[in-house]
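There are 2 protein chains.
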Amino acid sequence: MGRKVRERMETVDRRIRKTKRILSEALIALILEKGYENVTVREILDRANVGRSTFYSHYESKDQLLLAGPQNLGVRIFGDADPGTGPDAKGAPGRGEAPDFLPLFLHAADNLPLAKAMLGRKSGDVFNSHLQSHLTRAIRDRFKSRFGKAKQDKFWLRYFSGAAAGLVMGFLISWLEDDMPIPPEDMARVCGRAVAGLFKAA
Amino acid sequence: MGRKVRERMETVDRRIRKTKRILSEALIALILEKGYENVTVREILDRANVGRSTFYSHYESKDQLLLAGPQNLGVRIFGDADPGTGPDAKGAPGRGEAPDFLPLFLHAADNLPLAKAMLGRKSGDVFNSHLQSHLTRAIRDRFKSRFGKAKQDKFWLRYFSGAAAGLVMGFLISWLEDDMPIPPEDMARVCGRAVAGLFKAA
DNA sequence: GTCGTTAATGAACACTGTGTTCACTTGTGG
DNA sequence: CCACAAGTGAACACAGTGTTCATTAACGAC
């Protein structure tokens with residue numbers, strides 16, 4: 001039972017890390033060139049100079065490569081840029097207030113090509129829907145204390161959360177597509193105020 | 203030049219109308235069953251009992267069938283349910299105000315299965331992006347008189363329009379997915395106020 | 001450095017879906 | 001009634017997917 005668990009959390013074979021990195025880079029580049037839907041596995045392999053069987057030994061599909069990239073893709077935006085995942089527990093900070101969107105916009109700003117590949121007009125809707133439902137959940141948790149328990153209240157809470165998430169996505173995506181001419185701080189502030197205003201009107 | 207243009211707007215071969223109608227119905231049913239992305243042309247043909255060559259003599263692809271259905275699909279929501287397509291011309295009614303979203307919600311309510319197939323979680327993003335950019339344009343035209351001509355102003359106008367469109371989509375889709383427990387009139391009113399409030403805070 | 005292990009290679013394969021063609025049959029409108 | 005337009009279904013070429021396997025190369029532990 002006291003067996004060595006091999007603290008190999010970081011000691012992954014160099015070859016694997018290299019392969020995964022190259023595959024991610026190839027995918028990002030190809031998405032920006034021709035749009036996610038039009039990118040084939042074949043093209044990724046050619047661009048990355050990686051064998052077909054190698055690809056399938058690491059990922060099950062194109063979607064997985066996009067979503068499960070070790071640090072390159074989804075994780076960076078989902079990870080610490082996560083706006084208020086915590087539930088609206090009693091006394092939790094920020095309860096009933098809009099989440100802080102600054103980490104999200106900062107992360108996007110730090111990874112423009114990546115962010116555009118995942119969220120922009122050339123991207124597929126794979127990551128889009130992930131982020132959207134993630135935002136919806138986060139926002140709903142923040143504001144649920146403002147709504148009652150009647151059926152109607154539950155509906156409205158859900159609709160306002162969905163609308164707020166769509167609002168944030170709209171801000172984020174159009175800003176990305178313009179290559180971020182406005183500082184992320186301004187975007188986050190405006191975005192937070194807009195969400196707060198939306199719920200105030202509820 | 204004064205040639206007869208054959209007022210055959212309605213006199214289309216019965217066979218054609220029947221074929222197109224059956225194909226649309228089959229597609230809608232299949233989308234609701236297994237999601238747009240997972241529906242193949244083959245399945246549509248089997249369900250509709252239509253020959254492969256017949257399909258391709260009418261449509262170029264699955265997407266076209268979804269978007270260009272004569273009256274069955276896109277047109278119904280894009281047509282008269284169109285919220286304020288008109289530009290924000292001087293003196294035009296509704297200038298600087300939020301569009302009236304009632305027709306949109308009413309149309310959706312009148313065609314729940316269709317609307318869910320085109321916009322719901324099972325739908326692809328084909329029609330979604332169409333509607334989103336359509337809404338963005340319509341809203342931008344309504345509010346552009348409130349913004350100045352500096353570069354910054356143009357950016358903000360675009361971002362707020364994108365955010366407002368996302369907001370409307372969020373309301374609409376979550377309401378659709380709940381099978382519309384709230385009357386469309388209420389949704390439209392709340393939606394309009396939310397958009398107006400968003401731009402007021404700008 | 002040696003050596004057992006692990007990853008990468010690339011070609012072959014079966015499979016599914018797409019879009020086209022064509023000779024043929026059936027339904028329609030005039 | 002009949003000329004013509006529409007539908008049929010099978011065959012085809014093609015492109016993409018995901019798997020398998022024998023072979024080669026790189027790794028890292030000692």
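Residue numbers (the working numbering), protein chains in the order written: chain A, 1 to 202; chain B, 203 to 404. Just so it is clear, CB atoms sit at the ideal spot from N, CA and C, and this is done for glycine as well.
Interface residues of chain B around residue i at Cβ under 7 Å?
i	result
arginine 137 of chain A	By Cβ distance, chain B contributes nothing, its closest Cβ being about 12 Å from arginine 137 of chain A, past 7 Å.
serine 174 of chain A	Arg360, Tyr361 and Gly364
alanine 201 of chain A	Arg395, Ala396 and Gly399
Who are the neighbours of residue i on chain A, taking C-beta pairs under 9 Å?
i	result
aspartate 380 of chain B	Phe155, Arg158 and Tyr159
leucine 269 of chain B	By Cβ distance, chain A contributes nothing, its closest Cβ being about 15 Å from leucine 269 of chain B, past 9 Å.
phenylalanine 303 of chain B	Chain A residues near phenylalanine 303 of chain B: none, gap ~12 Å exceeds 9 Å.
phenylalanine 373 of chain B	Tyr159, Phe160, Gly162, Ala163 and Gly166
Along the chain, where does the alpha helix (DSSP H) that runs through residue i open and close?
i	result
alanine 138 of chain A	126-143
alanine 365 of chain B	353-379
isoleucine 203 of chain A	For residue 203 of chain A there is no data in the structure shown, the boundaries of chain A being 1 and 202.
valine 243 of chain B	243-250
phenylalanine 303 of chain B	Unbroken run through phenylalanine 303 of chain B: none, as it is neither H nor E.
methionine 389 of chain B	386-403
proline 315 of chain B	314-321
arginine 52 of chain A	52-58
lysine 62 of chain A	62-68
Assuming the contact rule is C-beta atoms closer than 8 Å, residue i and residue j should be a hit. Round their C-beta distance to whole Å, please.
i	j	result
leucine 32 of chain A	proline 103 of chain A	Leucine 32 of chain A to proline 103 of chain A, Cβ: 24 Å. No contact.
leucine 321 of chain B	leucine 378 of chain B	6 Å
alanine 366 of chain B	valine 328 of chain B	About 22 Å; that fails the 8 Å criterion.
glycine 368 of chain B	glycine 166 of chain A	3 Å
alanine 300 of chain B	arginine 344 of chain B	7 Å
phenylalanine 147 of chain A	leucine 135 of chain A	No, phenylalanine 147 of chain A and leucine 135 of chain A are not in contact; Cβ-Cβ is about 18 Å, not under 8 Å.
isoleucine 173 of chain A	alanine 117 of chain A	Actually they are not in contact, since the Cβ atoms of isoleucine 173 of chain A and alanine 117 of chain A sit about 12 Å apart, beyond 8 Å.
valine 12 of chain A	phenylalanine 101 of chain A	In fact, because the Cβ distance is near 33 Å, the residues do not count as touching under 8 Å.
What does residue i touch in chain A if you count any residue whose Cβ is under 7 Å from its own?
i	result
aspartate 327 of chain B	Asp125
If the cut is a Cβ gap below 9 Å, which residues of chain B does residue i touch?
i	result
isoleucine 182 of chain A	Gln354, Phe357, Trp358 and Tyr361
alanine 29 of chain A	None at all; the shortest Cβ gap to chain B is about 22 Å.
With distances taken Cα to Cα, identify the nearest neighbour of residue i among the options.
i	options	result
leucine 65 of chain A	A:Val41, A:Ser53, A:Asn49 and A:Arg47	A:Val41
lysine 353 of chain B	A:Glu37, A:Gly148 and A:Ile182	A:Ile182
glutamate 185 of chain A	A:Ala108, A:Leu198, A:Asp141 and A:Arg140	A:Ala108
glycine 364 of chain B	B:Ile375, B:Lys318 and B:Ile341	B:Ile341
isoleucine 22 of chain A	A:Asp63, A:Ile44, A:Lys154 and A:Ser129	A:Ile44
glutamate 227 of chain B	B:Asp215, B:Asn251 and B:Val214	B:Asn251
asparagine 313 of chain B	B:Asp381, B:Phe257, B:Ser259 and B:Tyr258	B:Asp381
tyrosine 258 of chain B	B:Ala231, B:Gln334 and B:Lys222	B:Lys222
phenylalanine 362 of chain B	A:His130, A:Ser133, A:Cys191 and A:Lys144	A:Cys191
lysine 219 of chain A	A:Ile16, A:Glu37 and A:Met169	With chain A covering 1 to 202 only, the question about residue 219 of chain A has no answer from this structure.
leucine 197 of chain B	B:Ala403, B:Lys346, B:Lys402 and B:Asp248	Beyond the ends of chain B as shown, which are 203 and 404, falls residue 197 of chain B; an answer cannot be given.
alanine 403 of chain B	A:Asn128, A:Gly197 and A:Arg14	A:Gly197
histidine 260 of chain B	B:Ser331, B:Lys346 and B:Arg219	B:Arg219
leucine 67 of chain A	A:Arg14, A:Ala115 and A:Lys144	A:Ala115
Could you list which residues in chain A have their beta carbon closer than 8 Å to that of residue i, in chain order?
i	result
glycine 394 of chain B	Correct list: empty, because the minimum Cβ distance to chain A is about 11 Å.
leucine 400 of chain B	Leu167, Ala194, Gly197 and Leu198
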